Amino acid sequence: MSGSGRRNRVVLVVAAAALAIMAAVGLIRSRTVRAAGPPDDSTGDDPPEPAEEPEGRPIAYLVLVFLLSAPWWLVGERPLPVPVQLPTSALTLVNPLLAAGALTLRRSGWLGLRALLARAVDTHRVADPLWYLPALFLYPLIGLLSYTVMRLAGRPLPQPAIAWAMAPVYLAVFLLTGAAEELGWMGYALEPMQRRWGALRAAIALGVIWGVFHLVPDVQNGRPPGWILWQRLSGVTFRILIVWVYNNTGGSVFTAILFHATNNLAWAMFPNDGSHYDPLIGLLLTLPVVALVLARCDRATLTRWRPRPAH
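Numbering that gives the first Met the number 0 puts the first residue of the sequence shown at 0, with every later residue one more than the last.
So this is what it looks like as structure tokens:
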């Protein structure tokens, strides 16, 4: 690799990490003073009750995630030997779990770490099994609609060559990788963030930071700027919806993992190993779902249904 290419990559890595860290520090500190007291019950907009696990430290978590990811970004341009198009730097997906695990172990010991890992299978939190429906089927349905829209619009799509026998393998892999990410983002970072700002603002902030986390692999994957923009905006809508499912299932990381895994599965199967996936179409189909959630749920929790206005 040329010296200029290496320098450009270093600049990209440093810029992405600095942007995410500064955004996190600025957002969190700007709200800390106002959030010091108890929420005003008179508004009916108090954030969700805290989870029973030890309080996370989102700033330390975000800094550690990006520090752990920087070496992978520096050497991660080569493609992974997998059917879908991914650079080696995509392996940074384990870093949210590593960062959350290290901070939990340091603060709460082995019992705290065990409690964090146990949240990957916290099905006991799900009081209403109907919430498994959006966790399992929302993004596959959006993927199917995306393909249909592109077909009707006359897009030059190949004939589907979906290896259905690979679907269980993909799902198993995506459950593992989803657990590695969501035990960090949802199981560790989200609770203190939404306790300070409420669910919607925490979801948007986490979605933006999550997008920056994926920015370097997108660039190294050779994605054009427009594709990256729409994909990162899709990431923000994804975070809003995953927080909606998470909060409505009693803070179940397991449902968040399912939601993440089926999203990735829909992408990998579209239509041939994600070859013609268009994030703009997916974003346009997801926005009405987000709008419906925001119209019917309060912003502080994304759980309580807003009453219809009296006529």
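A virtual CB, placed ideally from N, CA and C, is assigned to each residue, including glycine. None of these values were measured; they are calculated from a predicted model.
Close Cβ partners of residue i (< 6 Å) along its chain, the five nearest in sequence each way excluded
i: threonine 103; result: Gly111, Leu112, Leu115
i: aspartate 217; result: Ile227
i: leucine 264; result: Tyr169, Leu170, Phe173
i: glutamate 181; result: Val252, Ala255, Ile256, His259
i: alanine 179; result: Leu92, Val93, Leu96
i: proline 128; result: none
i: leucine 199; result: Arg298
Local Cβ density within 10 Å of residue i, reported as buried at 16 or more and exposed below that
i: glycine 2; result: Note on glycine 2: pLDDT 46, under 50, position unreliable in the model; no value is reported.
i: valine 64; result: buried
i: glutamine 230; result: buried
i: glutamate 48; result: Bear in mind that a pLDDT of 45 at glutamate 48, under 50, signals an unreliable position, so the number given afterwards is only what the model happens to contain. Result: exposed.
i: glycine 225; result: exposed
i: glycine 210; result: buried
i: proline 37; result: Any reading at proline 37 is ruled out, since the residue's pLDDT is 40, under 50, leaving its predicted position unreliable.
i: histidine 123; result: exposed
i: tryptophan 109; result: exposed
i: threonine 147; result: exposed
i: arginine 313; result: Look at the range of the chain in this structure, 0 to 310, and you will see that residue 313 is not part of it.
i: tryptophan 266; result: buried
i: tryptophan 243; result: buried
i: arginine 295; result: exposed
i: glutamine 341; result: The requested residue 341 does not occur in the structure, where the chain is confined to residues 0 to 310.
i: glycine 153; result: exposed
i: leucine 151; result: exposed
i: glycine 206; result: buried
Residues that residue i bridges to, as DSSP identifies them
i: tryptophan 304; result: Cys296
Neighbourhood of residue i by C-beta distance below 8 Å, restricted to the same chain and skipping five residues each side
i: valine 24; result: Caution applies to valine 24, whose pLDDT of 48 falls short of 50 and renders its modelled position unreliable; the value that the coordinates give is listed next. Only Ile58 meet the Cβ criterion.
i: leucine 257; result: Tyr131, Ala134, Leu135, Leu174, Gly177
i: serine 233; result: Pro278, Gly281, Leu282, Thr285
Nonlocal neighbours in the same chain, by C-beta distance under 7 Å from residue i, ignoring five residues either side
i: aspartate 121; result: Ser251, Val252, Phe253
i: alanine 119; result: Ala178, Leu182, Val252, Phe253, Ile256
i: alanine 236; result: In the sequence under discussion, the amino acid at residue 236 is threonine, which differs from the alanine named in the question. Correct list, in chain order: Leu282, Thr285, Leu286, Val289.
i: tyrosine 138; result: Thr261, Asn262, Ala265
Nearest-angstrom Cβ-Cβ length linking residue i and residue j, presumed shorter than 8 Å
i: alanine 204; j: methionine 185; result: The Cβ separation is near 13 Å, so there is no contact.
i: isoleucine 141; j: alanine 202; result: With 8 Å as the limit, isoleucine 141 and alanine 202 do not qualify as a contact, their Cβ atoms being about 18 Å apart.
i: leucine 156; j: methionine 149; result: 6 Å
i: tyrosine 276; j: tyrosine 187; result: That belief does not hold up - the Cβ atoms of tyrosine 276 and tyrosine 187 are roughly 29 Å apart, past 8 Å.
i: valine 125; j: threonine 300; result: The pair is not a contact, with the Cβ atoms about 17 Å apart (cut-off 8 Å).
i: leucine 67; j: alanine 98; result: 6 Å
Proximity test, Cβ basis, 7 Å: residue i and chain D
i: alanine 99; result: No chain D appears in this structure, which consists of one protein chain only.
Query raised in the report: Residue ranges of each beta strand (DSSP E) run of no fewer than 3 residues wholly in the region 129-157, ordered along the chain?
Result: none
Query raised in the report: Can you list the alpha helix (DSSP H) stretches of 4 or more residues lying completely in the region 187-218, in chain order?
Result: 190-196
Query raised in the report: Taking only runs of the alpha helix (DSSP H) that begin and end inside the region 233-277, which ones reach a length of at least 4 residues, in chain order?
Result: 252-267
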